Every structure is written in structure tokens, then in C-alpha cells.
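Since the structure comes first, as C-alpha cells, the remarks are kept for the end.
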Amino acid sequence: AQKVTQAQTEISVVEKEDVTLDCVYETRDTTYYLFWYKQPPSGELVFLIRRNSFDEQNEISGRYSWNFQKSTSSFNFTITASQVVDSAVYFCALSDRVSGAGSYQLTFGKGTKLSVIP
Amino acid sequence: NAGVTQTPKFQVLKTGQSMTLQCAQDMNHEYMSWYRQDPGMGLRLIHYSVGAGITDQGEVPNGYNVSRSTTEDFPLRLLSAAPSQTSVYFCASARGTGAGYGYTFGSGTRLTVV
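Protein chains in written order, with the working numbering: chain A, 3 to 120; chain B, 1462 to 1575.
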């Protein structure tokens, strides 16, 4: 089973629509961290947010918001009033310890390609 | 600060050739790692290191070697390149054990093996 599942491969929305990108993760570790990264067409990876497993507070940053629910192992990302500049591939990632001890490894989902149509 | 610097940005190799992808960071990060990105596959961990002299394998280590002789550098070696190694390679670094401090990524190396 995948450790990080982004079921939506591609999404298209019209500008100003809201869009939610889903992320479901799997881990046996009790202390873990979740991330979202944006990869625009230029190819670099842009850090968006980090969340630790003990902090289930939702977070809002401008038009971006994140919903972390431990009960469903989900960390979903919503863009409000989408803009053309939001067009990119978005990756959800999990940092955990494979055996519950030792070094952390960062595992990425396969990504969701978001296209915002003007 | 330069952050994480990867060289070269682009490279074309012939099957069987060897080369080293360079990665250097100036943030005194203990943790460094290499990923490859293939279409539809996301980023997959190749090797990682939690400090000088310590390396370990990730999800897809076959065909790649690493070493960590200094805190700053973490080169990735392809001893005999194969077309299956055509990919975009990213190096990343983080504080501590690579837990939740946040990862800084380089700009990537696009490698084509013909």
C-alpha cells in the first residue's frame, strides 16, 4: 500500500473556483510530519506547509488552507478563489521513521496536477 | 545563503558511462538526501545521510552509490548509467535527523541516458 496517496491525478478548474486536493497517508509512527509542496512548470519545489502529528489545528494562509484529520489519516489542501498562477503539480509528503525509531524518511505522493483555466 | 546547490543542471550520458551528480549545502544541515522524479511517480528516495560518514538506502537505491565525507557535500554516483536512470534528480537537506524541520531542495539535475 502507498504511504501517501493522492487519488486525484489531474484537476481542472475555472479561475476563481475553490479546489481541494486530497491526501491520505499511512504510518505506524506516533510522531510524524506532513508537508505540502508546489512544483510550478519551472520545476523547482516550493515548500507550502509543515504539520506535526500532534497539531491538528487547521491552518489558513491567504487563499490556502489545510485540514488535518488524524482520525481519517488525511491532510487535505484547499485553494480558495483559484488563480492561473496556482497551476502546478502539488505534492503531499510524509516524514516518518520506517520502524518507529531511527532516521526519518520523507515519502512523497505521486502528485496532483492542477490546471486553472482563465 | 546559497541553500542547496546541484550541479550540473543538465546532463546527457551514453549507456555504460559513469558520472557524479554534485550536491552541496551551506546551512550546516546534518540530513541530506537524493530523490529521483519520474512522470506520474512523484519523488522517490534513493539514498540519504544523517551526518558525515553515515549513509543509508531509500526506496530505489539500485544503480546508485553515495558517500558523505563532509557535512556540506553529498554526491550521487552512477557507476554504469542505464536508460532507466533517465530522470530529474533532486537533492534535499534538513536539520537534525530529517524529521519535521523542513527540507530545502536544490533546483534539480535533468539526466538523460541514451
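The C-beta atom is built at its ideal place from N, Cα and C for all residues, glycine as well.
Please read all numbers here as calculations on a predicted model, not as lab measurements.
If I measure Cβ to Cβ from A:SER14 and keep anything under 7 Å in the same chain, skipping five residues before and after, which residues do I get? SER117, ILE119
Cβ-based contacts, 7 Å cut-off: residues of the segment 41-72 of chain A near chain B: GLY45, GLU46, LEU47, PHE49, ARG52, ASN54
In whole angstroms, give me the CA-to-CA distance for A:THR32 and B:SER1548. 33 Å
CB contact below 8 Å: B:VAL1511 versus chain A: yes
Cβ-based contacts, 7 Å cut-off: residues of the segment 1510-1542 of chain B near chain A: VAL1511, ASP1517, GLY1519
Report the three-state DSSP secondary structure of B:ASP1499 (helix, strand or coil). strand
Test: B:MET1502 CB closer than 8 Å to a CB of chain A: yes
In DSSP terms, what B:ASN1526 is bridged to: B:ARG1538
Buried or exposed: where does B:LEU1540 fall if 16 or more other Cβ atoms within 10 Å of its Cβ makes it buried? exposed
Give a yes or no on whether 8 Å exceeds the smallest Cβ distance from B:SER1568 to chain A. yes
Three-way DSSP call (helix, strand, coil) for B:LYS1470 in this model: coil
List the residues of chain A that B:GLY1561 touches, going by C-beta distances under 7 Å, in chain order. TYR35, ARG52, ASN54, SER97
Burial state of B:MET1493 (16 or more Cβ within 10 Å): buried
Which whole-angstrom value is the C-beta distance of A:TYR39 and A:VAL48, which I expect to be below 8 Å? 6 Å
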